[in-house]
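Peer 1:
Protein chains: 4
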Amino acid sequence: MEKIKAGIVGGAGYTGGEIIRLLNHHPDVAVSFIHSRSNAGKYVHEVHHDLIGETELKFTNSPSAVGGWGEAEVLFLCVGHGEAKKFLQENEIDEKVKVIDLSQDFRLHQHSATGHRKFVYGLPEINKAQIKTANNIANPGCFATAIQLGLLPLSEAGILKEVHTTGITGSTGAGQSLSATSHFSWRTNNIQAYKTLTHQHLQEINQSLQQPGEPLPEINFVPWRGDFPRGIFISSTLSCNWELSELNDLYENFYKEAPFTFLSRQEIFLKQVVNTNKCVIHLERAGTKLVVHSAIDNLLKGASGQALQNMNLMFGLDECEGLNLKATAF
Amino acid sequence: MEKIKAGIVGGAGYTGGEIIRLLNHHPDVAVSFIHSRSNAGKYVHEVHHDLIGETELKFTNSPSAVGGWGEAEVLFLCVGHGEAKKFLQENEIDEKVKVIDLSQDFRLHQHSATGHRKFVYGLPEINKAQIKTANNIANPGCFATAIQLGLLPLSEAGILKEVHTTGITGSTGAGQSLSATSHFSWRTNNIQAYKTLTHQHLQEINQSLQQPGEPLPEINFVPWRGDFPRGIFISSTLSCNWELSELNDLYENFYKEAPFTFLSRQEIFLKQVVNTNKCVIHLERAGTKLVVHSAIDNLLKGASGQALQNMNLMFGLDECEGLNLKATAF
Amino acid sequence: MEKIKAGIVGGAGYTGGEIIRLLNHHPDVAVSFIHSRSNAGKYVHEVHHDLIGETELKFTNSPSAVGGWGEAEVLFLCVGHGEAKKFLQENEIDEKVKVIDLSQDFRLHQHSATGHRKFVYGLPEINKAQIKTANNIANPGCFATAIQLGLLPLSEAGILKEVHTTGITGSTGAGQSLSATSHFSWRTNNIQAYKTLTHQHLQEINQSLQQPGEPLPEINFVPWRGDFPRGIFISSTLSCNWELSELNDLYENFYKEAPFTFLSRQEIFLKQVVNTNKCVIHLERAGTKLVVHSAIDNLLKGASGQALQNMNLMFGLDECEGLNLKATAF
Amino acid sequence: MEKIKAGIVGGAGYTGGEIIRLLNHHPDVAVSFIHSRSNAGKYVHEVHHDLIGETELKFTNSPSAVGGWGEAEVLFLCVGHGEAKKFLQENEIDEKVKVIDLSQDFRLHQHSATGHRKFVYGLPEINKAQIKTANNIANPGCFATAIQLGLLPLSEAGILKEVHTTGITGSTGAGQSLSATSHFSWRTNNIQAYKTLTHQHLQEINQSLQQPGEPLPEINFVPWRGDFPRGIFISSTLSCNWELSELNDLYENFYKEAPFTFLSRQEIFLKQVVNTNKCVIHLERAGTKLVVHSAIDNLLKGASGQALQNMNLMFGLDECEGLNLKATAF
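Residue numbers (our numbering), protein chains in the order written: chain A, 1 to 330; chain B, 1 to 330; chain C, 1 to 330; chain D, 1 to 330.
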């Protein structure tokens with residue numbers, strides 16, 4: 001089989017770097033070009049230093065030099081929010097080039113199209129059939145992925161009314177731009193709440209959790225900045241009178257076709273999933289309350305790993321190809 | 001004025017070390033003896049290495065060698081839960097020796113006495129008058145302090161019905177005993193929930209928040225292990241229809257006599273209070289919900305700092321004596 | 001091709017876990033059994049929690065239950081120093097079973113045999129031909145690997161007389177046993193020297209750096225405990241009058257057949273190699289001095305990754321099979 | 001006694017914040033004004049958030065509004081390198097105002113004056129008498145302090161010829177400006193060498209270690225960036241044939257009048273001194289080599305703490321006033 005030709009737009013950032021790391025080891029993909037405005041002309045390993053010895057590609061900001069955007073069969077858009085839509089509007093890209101957009105530009109139904117391109121929300125756990133035939137994927141947000149995977153079985157079962165969710169994210173979730181809250185001296189040993197009850201991912205979460213004919217569940221979400229680089233940990237509390245065993249069965253059944261999402265009967269912790277594409281979920285009952293814990297790597301299942309999972313599905317490959325990653329573990 | 005003679009029981013642990021660090025710089029206190037079973041005979045600075053040059057005391061396990069327990073006018077009990085009660089039962093200690101117990105043994109009304117000793121719950125923000133005349137203090141728990149200080153104004157105002165609280169604690173909260181979850185390789189870069197909805201501090205929190213003739217507020221508390229050494233950060237979410245300005249006034253008024261507890265109109269973060277005896281609180285409103293954030297240093301306002309604050313009150317000293325600490329800040 | 005059957009002895013520790021993580025994704029290996037005395041009967045993913053969904057193997061302490069040690073074609077010994085030799089003496093293991101020992105028991109020429117087994121020092125950068133035909137490998141130590149790879153080109157060129165080396169290691173280098181210096185509260189934000197000038201790896205380093213007929217180079221090595229979980233960073237300073245360009249050429253030439261060891265013309269840093277099998281080296285000249293910086297992941301190139309690299313060579317596989325790992329990067 | 005009036009120039013940075021934290025608790029000092037160009041008009045506690053409740057001062061960029069620079073009896077200059085000299089040249093400041101400059105502008109003899117101001121190198125361990133009568137102090141650099149205190153007894157004893165020194169510094173050493181190497185995602189869990197053998201502090205170190213009529217000792221210094229916020233740890237290796245007991249005596253004698261610098265007979269570690277003004281030193285011998293370990297807090301003994309120590313000496317106060325700090329310890 002000939003290799004799938006992939007192009008990366010915005011390859012110098014965190015999610016761009018992760019997709020390069022993944023594609024470099026994917027048996028069925030060849031990277032055609034890696035676009036970057038800020039680093040054009042540099043070797044990729046001069047920016048992503050861990051790639052020394054793995055690639056001799058240079059960043060380009062001129063697609064024509066590499067045969068045009070159409071050289072790629074699939075484009076990963078790893079640019080900022082708002083930039084993805086602009087990129088597609090400003091560049092003529094052959095319709096047959098598939099697009100996987102990691103920004104939030106096309107995640108909501110009411111904003112899911114531009115020109116001829118219509119985007120499918122790329123959460124394989126609920127949209128696998130649609131993803132397989134999609135030409136354009138809106139890749140979910142990181143917090144959105146972790147929270148949805150924790151709550152979807154409950155909303156589908158009709159028992160999700162109101163939930164109180166706290167989530168903590170690693171510093172890579174905020175990207176590589178420099179800011180007071182990304183300064184090491186501030187962030188190390190520190191915790192802070194931000195965007196209390198107003199995080200932008202609530203919109204896509206609501207869209208997924210909404211059941212036809214039912215009132216919208218109320219998600220009270222308090223995000224925290226964590227003092228670690230990778231990962232998201234979530235605890236969601238809600239009223240629930242199901243038995244724990246019924247709930248465990250519900251979750252295992254819901255995710256039985258999901259190769260990366262696991263219900264754990266043991267306590268979970270963040271580092272279980274760091275540097276993997278996994279999501280782990282653990283349920284606890286006390287009194288009339290249920291607590292759902294979930295954890296992902298924000299840059300993998302929360303971004304570039306899920307993007308590659310979507311690519312695999314779109315091209316008819318094994319969903320796990322290139323994603324059987326060695327966890328960092330420590 | 002002659003210096004107050006203080007004795008420390010269990011001086012080799014984290015809270016024992018902190019009380020030594022504080023008392024060493026207190027202008028009105030002299031440490032008579034520091035008791036430790038496991039380290040008797042060693043210099044104190046051989047165990048608490050930062051104290052090099054500050055004290056030539058050795059740990060003792062034999063009070064008679066130092067004139068008996070009665071040599072101290074105040075005893076700080078820094079031993080494990082269950083050990084404090086046992087210590088008081090097994091040792092004959094003159095009634096006039098004041099006791100400040102940092103364990104949980106005497107915090108609940110139904111367990112607040114042993115022999116002739118009757119303990120007062122040592123949270124100065126609500127019990128200052130009683131503490132001033134008390135001979136025995138049950139020093140509050142660390143999570144209990146941070147959660148109560150965040151919620152007390154609401155319960156007193158009669159508007160606290162149900163609250164969802166997430167809290168994260170530094171590793172020193174678990175003491176210096178070695179365990180899988182205190183191993184650096186596991187804990188660094190990691191997050192884990194534990195004692196979900198069942199943390200033992202809920203009992204003392206309930207006792208303080210209970211208003212006469214009112215139903216007990218429901219505290220749904222999910223504690224997390226954090227990957228930092230010192231500090232507790234809390235976010236509590238509840239329904240509330242008061243205006244933010246009214247709430248801010250409520251809190252400022254409630255804490256106007258509290259020299260260490262501050263309402264902040266700016267966002268707060270954990271490191272603001274690390275290595276201080278302060279508690280900072282910040283309120284946010286969204287829709288019908290109120291979120292109360294609070295932060296303390298678990299070893300100071302959550303343990304040894306509050307113990308010294310109580311000592312100051314018991315001996316008629318300025319409440320802040322010896323507690324104007326330089327924050328670590330970074 | 002039929003898969004190579006591998007057995008792991010001491011599979012519950014850090015290096016054991018890493019070799020399982022690697023073998024799980026190796027296309028040509030099947031794990032036959034994983035031995036552990038302390039965790040026999042437990043699922044492997046109950047101890048190495050990140051392996052959830054990847055293996056349903058349980059730890060065993062009874063080789064007979066799995067067909068005997070001879071069920072494996074290759075045994076990875078991941079037990080403590082001294083334990084490996086004892087294991088081979090106490091268990092009857094068919095001669096045709098290859099052994100890769102990660103302990104220090106057989107690294108020195110004078111201790112490189114037990115019974116019929118004769119061990120080859122498994123540093124592929126200098127011993128590749130011998131490793132390919134070896135039946136028994138003594139896998140190098142972590143500091144030893146990082147220091148040797150930084151200095152070998154110089155000793156072979158005859159210009160290594162005396163060197164001053166400082167190295168810092170992550171906490172996983174000390175294994176998972178609990179100790180005061182592995183406690184999170186102590187180790188986080190901390191640095192300490194240990195085994196100053198007397199680290200046990202000096203012996204194997206000397207053995208490799210010794211050139212026939214030349215005096216032994218003098219390695220003054222000060223190891224430090226670092227406050228991070230994975231990785232080793234080394235800076236070695238020596239007198240040298242070669243030009244930097246000559247030195248860079250020397251290193252590139254020396255490592256031209258080494259698929260994991262790279263000379264970098266850019267500054268290097270520890271996280272470049274974390275969760276990979278790479279070693280990166282960077283040279284700097286100032287005045288009459290040369291400084292050689294080198295970095296590895298102590299658990300991979302410094303332990304289990306190198307063990308697998310050796311296995312690949314012993315079985316005639318591509319040296320990199322199963323070792324094209326995604327770096328953690330952040 | 002009337003309080004000494006202090007002014008701070010550049011009060012919004014790290015060292016400025018630390019001197020405010022210290023002066024706030026100094027019994028004999030009142031802060032007259034805190035200058036900042038970037039934050040003028042803001043409350044000090046809006047920038048240094050830990051100071052909530054401690055000061056109602058605002059930053060000013062207009063000295064006239066506060067009575068002119070001459071309102072202060074002592075000015076702490078906490079501005080960048082090059083800025084201090086410029087400040088003194090551009091502003092008319094009464095000669096009787098003492099100046100303590102934390103930049104490197106006046107540390108070297110050949111650059112130790114501007115206008116009528118002649119600066120004394122403010123390392124009390126060697127210059128106490130001069131400091132007591134000085135009107136202008138050039139406060140030493142952080143690495144310079146830690147390295148000098150480790151080596152001064154040897155150079156004075158005439159046994160320091162060549163030394164190999166590795167040092168690691170916390171992120172606060174690089175100030176609060178945003179840069180790639182201060183980004184949390186990069187710096188956490190990371191180590192990197194920088195300014196290899198060429199660090200600018202070598203000049204002031206050489207100046208102090210130079211003995212009259214002796215050749216300049218050769219200091220080979222490799223600095224590392226550490227993944228912690230505060231502190232410097234140094235290991236220096238040299239040839240030496242003195243007995244360890246003689247060396248320990250030499251150091252104890254050398255520092256017998258130094259209230260913050262201690263020889264430890266036990267192993268030392270970085271966190272021993274974090275958030276204190278102490279320097280701890282530990283000596284180890286092996287073969288013909290001596291290794292000197294030393295540790296300080298880069299912002300205190302390495303900057304603002306030493307500045308205050310100098311102020312105490314200049315004003316005839318107890319050298320330790322306001323500097324008996326509670327260590328963070330964990």
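Cβ atoms here follow ideal geometry from the backbone N, Cα and C, with glycine treated the same way.
Report the rounded CA-to-CA distance for B/V222 versus B/F59, giving the unit in angstroms.
Peer 2: By one-based count along the second sequence, residue 222 of chain B stands at place 222. By one-based count along the second sequence, residue 59 of chain B stands at place 59. One C-alpha to the other measures close to 38 Å.
Peer 1: On a Cα-Cα basis, can you pick out the residue from C/L209, C/Q210, C/D227, C/I159 that is closest to C/S185?
Peer 2: As a position in the third sequence, residue 185 of chain C is number 185, starting the count at 1. If we check each option's Cα against that of C/S185, C/D227 comes out closest.
Peer 1: Quick check for students: name the residue ranges of the alpha helix (DSSP H) that lie wholly in the segment 95–181 of chain B, counting only runs of 4 or more.
Peer 2: Listed in chain order, they are 124–133, 142–156.
Peer 1: Using the Cα positions of A/T328 and C/H183, report the straight-line distance between them to the nearest angstrom.
Peer 2: To locate residue 328 of chain A, count along the first sequence from 1; it is residue 328. To locate residue 183 of chain C, count along the third sequence from 1; it is residue 183. Between A/T328 and C/H183, the C-alpha separation is close to 20 Å.
Peer 1: Considering only DSSP beta bridges, list what C/V291 is partnered with.
Peer 2: Taking the third sequence and counting its residues from 1, one reaches residue 291 of chain C at position 291. BP columns for C/V291 point to C/T237, C/E284.
Peer 1: Can a CB atom of chain C be found closer than 8 Å to the CB of B/T172?
Peer 2: Within the second sequence, numbered from 1, the residue matching residue 172 of chain B stands at position 172. Yes, because at least one Cβ of chain C sits closer than 8 Å to the Cβ of B/T172.
Peer 1: Among the candidates B/N241, B/E218, B/H45, whose CA atom is the shortest distance from the CA of B/Q203?
Peer 2: As a first step, residue 203 of chain B must be located in the second sequence, where it is residue number 203. When each option's Cα is compared against that of B/Q203, the closest is B/E218.
Peer 1: May I ask you to report which of helix, strand or coil DSSP gives D/S185?
Peer 2: Here the question's residue 185 of chain D lines up with position 185 in the fourth sequence. Helix.
Peer 1: Measure the alpha-carbon distance for C/I191 versus D/N275 and round it to whole angstroms.
Peer 2: Along the third sequence, read from residue 1 onward, the residue named residue 191 of chain C stands at position 191. Along the fourth sequence, read from residue 1 onward, the residue named residue 275 of chain D stands at position 275. Cα to Cα, C/I191 sits roughly 15 Å from D/N275.
Peer 1: Less than 8 Å between the C-beta atoms of C/D101 and A/V273, yes or no?
Peer 2: Position 101 of the third sequence, counted from the first residue, corresponds to residue 101 of chain C. Position 273 of the first sequence, counted from the first residue, corresponds to residue 273 of chain A. No, Cβ-Cβ distance for C/D101 and A/V273 is not below 8 Å.
Peer 1: For C/T261, tell me which candidate among A/I52, A/E214, A/H116 has the shortest Cα-Cα distance.
Peer 2: Residue 261 of chain C sits at position 261 when you count from the first residue of the third sequence. Nearest of A/I52, A/E214, A/H116 to C/T261, Cα basis: A/I52.
Peer 1: Which same chain residues, not among the five before or five after A/N189, have their C-beta less than 8 Å away from its C-beta?
Peer 2: To locate residue 189 of chain A, count along the first sequence from 1; it is residue 189. Excluding sequence neighbours, A/N189 sits near D227.
Peer 1: Can you tell me where the beta strand (DSSP E) holding C/R225 begins and where it ends?
Peer 2: In the third sequence, residue 225 of chain C corresponds to position 225, counting from 1. Where C/R225 is concerned, the enclosing beta strand (DSSP E) stretches over 218–225.
Peer 1: Nearest chain C C-beta to D/L250 closer than 8 Å, yes or no?
Peer 2: Position 250 of the fourth sequence, counted from the first residue, corresponds to residue 250 of chain D. Judged by the 8 Å Cβ criterion, D/L250 is not in contact with chain C.
Peer 1: Would A/R107 pass as an interface residue toward chain D - the criterion being a Cβ-Cβ separation below 8 Å?
Peer 2: Translated into the one-based positions of the first sequence, residue 107 of chain A becomes position 107. Output row for A/R107: interface = no.
Peer 1: Let me check understanding here. Comparing Cα to Cα, which of A/L250, A/A180, A/G16, A/I268 lies closest to A/G158?
Peer 2: By 1-based counting over the first sequence, the position of residue 158 of chain A is 158. Of the candidates A/L250, A/A180, A/G16, A/I268, the one whose C-alpha sits nearest the C-alpha of A/G158 is A/L250.
Peer 1: Given 8 Å as the limit, is there contact between the segment 135–153 of chain B and the segment 116–126 of chain B, that is, 3 or more CB pairs closer than that?
Peer 2: Contact between the segment 135–153 of chain B and the segment 116–126 of chain B is present, because at least three Cβ pairs lie under 8 Å.
Peer 1: Considering only the beta carbon of each residue, do B/L299 and B/G322 sit closer than 8 Å?
Peer 2: One-based indexing of the second sequence puts residue 299 of chain B at position 299. One-based indexing of the second sequence puts residue 322 of chain B at position 322. The answer is no: Cβ separation not under 8 Å.
Peer 1: Would you report the Cα separation of A/N253 and A/H164, rounded to the nearest angstrom?
Peer 2: Locating residue 253 of chain A in the first sequence gives position 253, where the first residue counts as 1. Locating residue 164 of chain A in the first sequence gives position 164, where the first residue counts as 1. If I take the Cα positions, the gap works out to 24 Å.
Peer 1: Count the CB pairs spanning the segment 4–19 of chain C and the segment 28–48 of chain C that are closer than 8 Å, and state whether there are at least three.
Peer 2: Verdict: yes, contact present.
Peer 1: Going by alpha carbons, who is nearest to D/K118 out of D/Q104, D/S103, D/A134, D/K128?
Peer 2: Position 118 of the fourth sequence holds residue 118 of chain D. For D/K118, the nearest C-alpha among the options comes from D/A134.
Peer 1: Assuming B/V97 contacts B/V79 under a Cβ cut-off of 8 Å, what Cβ separation, rounded to an integer in Å, is found between them?
Peer 2: If you number the second sequence from 1, residue 97 of chain B lands on position 97. If you number the second sequence from 1, residue 79 of chain B lands on position 79. Not really, about 16 Å apart at Cβ, beyond 8 Å.
Peer 1: Can you find a C-beta in chain C that's less than 8 Å from the C-beta of A/I19?
Peer 2: One-based indexing of the first sequence puts residue 19 of chain A at position 19. No, because no Cβ of chain C sits closer than 8 Å to the Cβ of A/I19.
Peer 1: Apart from the five residues on each side of it in sequence, which residues of its chain come closer than 8 Å, Cβ to Cβ, to D/F330?
Peer 2: Taking the first residue of the fourth sequence as position 1, residue 330 of chain D is located at position 330. Counting only Cβ-Cβ distances below 8 Å, and skipping sequence neighbours, we find K271.
Peer 1: Consult DSSP for D/G70 and reduce its assignment to one of helix, strand or coil.
Peer 2: Here the question's residue 70 of chain D lines up with position 70 in the fourth sequence. Helix.
Peer 1: What would DSSP say about C/G13, mapped onto helix, strand or coil?
Peer 2: The count along the third sequence starts at 1 and reaches residue 13 of chain C at position 13. Reduced to three states, the DSSP call for C/G13 is coil.
Peer 1: Hey, how far is the Cα of B/A84 from the Cα of B/I268?
Peer 2: Residue numbering aside, residue 84 of chain B sits at position 84 when the second sequence is read from its first letter. Residue numbering aside, residue 268 of chain B sits at position 268 when the second sequence is read from its first letter. Between B/A84 and B/I268, the C-alpha separation is close to 35 Å.
Peer 1: With C-beta atoms as the reference, is B/N139 less than 8 Å away from B/N310?
Peer 2: As a working mapping, residue 139 of chain B is identified with position 139 in the second sequence. As a working mapping, residue 310 of chain B is identified with position 310 in the second sequence. A contact, by the Cβ cut-off of 8 Å.
Peer 1: Against D/Q110, what residues of chain C qualify as contacts under a CB-to-CB distance less than 8 Å, listed in chain order?
Peer 2: For the purposes of this step, residue 110 of chain D is taken as residue 110 along the fourth sequence, with counting starting at 1. Per Cβ cutoff of 8 Å: no residues; D/Q110 is ~22 Å from chain C at best.
Peer 1: Evaluate B/H116 with the Cβ neighbour count: other Cβ atoms within 10 Å of its Cβ, from every protein chain shown; 16 or more gives buried, anything less gives exposed.
Peer 2: Here residue 116 of chain B corresponds to residue number 116 of the second sequence, with the count starting at 1. Exposed, since its Cβ has fewer than 16 Cβ neighbours within 10 Å.
Peer 1: DSSP on B/Y43, reduced to helix/strand/coil?
Peer 2: Taking the first residue of the second sequence as position 1, residue 43 of chain B is located at position 43. The answer is strand: DSSP assigns B/Y43 an E or B state.
Peer 1: Considering Cα atoms alone, identify which of A/G175, A/K301, A/V44, A/S38 is closest to A/I20.
Peer 2: Residue 20 of chain A sits at position 20 when you count from the first residue of the first sequence. Comparing Cα positions, the closest option is A/V44.
Peer 1: Roughly how many angstroms lie between the CA atoms of D/K86 and D/Q200, to the nearest whole one?
Peer 2: Against the fourth sequence, residue 86 of chain D aligns to sequence position 86. Against the fourth sequence, residue 200 of chain D aligns to sequence position 200. Roughly 20 Å separates the two Cα atoms.
Peer 1: My assumption, with CB atoms under 8 Å, is that C/H25 sits in contact with A/K326. Please give the rounded CB distance.
Peer 2: In the third sequence, counting from the first residue as 1, residue 25 of chain C sits at position 25. In the first sequence, counting from the first residue as 1, residue 326 of chain A sits at position 326. 7 Å between Cβ atoms; contact.
Peer 1: Can you confirm whether B/A329, when its beta carbon is compared against all beta carbons of chain D, has any partner nearer than 8 Å?
Peer 2: As a working mapping, residue 329 of chain B is identified with position 329 in the second sequence. B/A329 counts as touching chain D.
Peer 1: How would you list, in chain order, the residues of chain D whose beta-carbon sits under 8 Å from the beta-carbon of C/A12?
Peer 2: One-based indexing of the third sequence puts residue 12 of chain C at position 12. Ordered by position in chain D, no residue passes the 8 Å Cβ test against C/A12, which lies about 24 Å from the chain.
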